[in-house]
Structures are given as structure tokens and as C-alpha cells.
Ligand code: PRP
């Protein structure tokens, strides 16, 4: 464990920084191939996607632009309404643009499903999805990442942008949070 101060708060590491960077390098090659000759706008979803956006964009050897959205899900985890509120909207007009949505994780899939439809309704030419992580067992809607880092088990994970109560986002690896850390709040 690379973080002595929080090592007793985490269980096993699921994806190391090295594994993530290697996988993102592979995905970057796929993205370059797929968008060859086309403009590409990366749209990151705050705050979790900050790390994957940073690493993916720097792994690309082609010009890209970046924009950001922040969204909040109503009743997240308790309903399957999938209604999302936009807290920070894009600065860019995406009409006619090729958009690649960049996310840290697909859990139920509700956020990305809503976002994809929302961006298409604004006239984006194409909307694809890149997710660093996906929990196949948690999926509630039919959504498939066009570019996926790793499938992980349906456990509470933190690090590489993912938080618990805003903590642990800065950890370089993706780790399972010890259930002891949230047992009292359930
Ligand atoms: C997380 C993650 C995705 C969403 C995935 O964001 O970054 O946006 O949840 O969950 P879903 O597939 O069930 O919709 P969160 O709402 O925790 O905000 P954050 O990125 O600021 O941590």
C-alpha cells in the first residue's frame, strides 16, 4: 500500500496507477484511430473524471479540446429515475461536434445515459463514452462504454478521482474502501 496514512481504511487495491496508465494508453490509440481526421471534444464530468481526463488527454498525440460539466443525480442510488440536474454546464456549443464523454465510473449507468441523451439533444454529431471503470453488476440501464478501462466488482471503491464524502480522490490507485469506514452511516 502506497499510502501509509490511509492503508487501514482501505481493503484491497483493484487497479494500480500503472495498470490504469497502461490501459489508458491503449484506449488513447483506439481513440486516435477512430477519430482520425475528425475534430474531437472531450467532455469530463466533474469531479470524479478529473484524473482520467488528465491522463487520457496527455496520452493522446492528436489535438483535442476539453470541456466540463458538473451534474447531480436526484435520489442517487435510491430511485432509478435517472433525472440529473446540471450544476455546471458546458462552455462550448457542441452542435455538430464529435463528443467523447469522459467518466471515472459507470455504476448504475443512469448519469451517462442521461448525459448522452442530453448532449445528443443539443445537436452533437456523435457522442461516445470513455469510462475508466465499470461495475457490470450495478448496471440499471442499457449503456455500454465505447472505451472501457476495467470492469470491477460491485464494491465501494475510492481513489483515482473517486471519493467517499469527498475524501480519497487523490489516491493514485483504485481501492476498495473498508466497509468499516461507512458502516455507521448506513
Ligand atoms: C459518480 C461518477 C459518475 C456517477 C456514476 O459521480 O463520477 O458521474 O457517479 O454513477 P451512475 O452510473 O450510477 O450514474 P458522483 O455523483 O459521485 O459525483 P463526483 O464525480 O463529483 O464524485
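Residue numbers (this note's numbering): 3 to 188.
Where is the CB? At the ideal position from N, CA and C, for every residue including glycine.
In this text the structure is predicted, and so the values were computed from the model without any measurement.
Practice problem: Quick one: residues in its chain with C-beta nearer than 6 Å to the C-beta of residue 150, no 5 flanking neighbours on either side, listed in chain order? | Solution: For the purposes of this step, residue 150 is taken as the residue at position 148 of the chain shown. Here the set comprises 133 and 136.
Exercise. Answer with buried or exposed for residue 184, where buried requires no fewer than 16 other C-beta atoms within 10 angstroms of its C-beta.
Key: On the chain shown, residue 184 is found 182 positions in, with the first residue counted as 1. When all chains shown are included, residue 184 counts as exposed.
Quiz item: Where residue 166 and residue 114 are concerned, what is the direct C-alpha to C-alpha distance, given to the nearest angstrom?
Solution: Position 164 of the chain shown, counted from the first residue, corresponds to residue 166. Position 112 of the chain shown, counted from the first residue, corresponds to residue 114. Roughly 20 Å separates the two Cα atoms.
Quiz item: Within the chosen definition, does the region 61-76 reach the region 142-157 through at least 3 CB pairs nearer than 8 Å?
Solution: With a cut-off of 8 Å, the region 142-157 and the region 61-76 do not count as touching, because too few Cβ pairs lie within range.
Quiz item: Near residue 11, which residues of its chain fall below 6 Å by C-beta distance, leaving aside the five closest residues on each side in sequence?
Solution: Taking the first residue of the chain shown as 1, we reach residue 11 at position 9. Once the five neighbours on either side are set aside, the close Cβ partners of residue 11 are 180 and 183.
Practice problem: Output the distance between the C-alpha atoms of residue 52 and residue 141, rounded to the nearest integer angstrom. | Solution: Counted from its first residue, the chain shown places residue 52 at position 50. Counted from its first residue, the chain shown places residue 141 at position 139. Each residue's CA atom was taken as its position, placing residue 52 and residue 141 some 22 Å apart.
Self-check item: When 130, 49, 173 and 58 are compared against residue 89, the one with the closest alpha-carbon
Solution: Counting from one through the chain shown, the residue named residue 89 turns up at place 87. Nearest option by C-alpha distance: 49.
Exercise. Leaving aside the five residues before and after residue 97 along the sequence, list all residues of the same chain whose C-beta is less than 6 Å from its C-beta, in chain order.
Key: What you label residue 97 is simply residue 95 of the chain shown in a count that begins at 1. So the qualifying residues of the chain are 125.
Practice problem: Have a look at the DSSP bridge pairing and note the partners of residue 128. | Solution: The residue given as residue 128 occupies position 126 in the chain shown. For residue 128, which the question treats as bridged, DSSP gives the partners 100.
Quiz item: What whole-angstrom Cβ distance do residue 101 and residue 43 have, given they're in contact under 8 Å?
Solution: Against the chain shown, residue 101 aligns to sequence position 99. Against the chain shown, residue 43 aligns to sequence position 41. About 5 Å separates the beta carbon of residue 101 from that of residue 43, a gap short enough to meet the 8 Å contact definition.
Quiz item: Ends of the beta strand (DSSP E) at residue 48?
Solution: The sequence position of residue 48 within the chain shown is 46, counting from 1. Looking at the DSSP string, the run of the beta strand (DSSP E) that includes residue 48 is 43-48.
Quiz item: For residue 71, which beta-bridge partners are listed by DSSP?
Solution: Locating residue 71 in the chain shown gives position 69, counting from the first residue. 47.
Exercise. Can you say whether residue 177 is buried or exposed, counting buried as having 16 or more other CB atoms within 10 angstroms of its CB?
Key: Position 175 of the chain shown, counted from the start, is the residue given in the question as residue 177. Result: buried.
Quiz prompt | One or two residues paired with residue 90 in a DSSP bridge | solution = For the purposes of this step, residue 90 is taken as the residue at position 88 of the chain shown. According to the DSSP secondary-structure assignment, residue 90 is paired through a beta bridge with 72.
Quiz item: Where does residue 81 fall in DSSP's three states?
Solution: Locating residue 81 in the chain shown gives position 79, where the first residue counts as 1. At residue 81 the pLDDT is 48, less than 50, meaning the model places this residue with poor confidence and gives no usable figure here.
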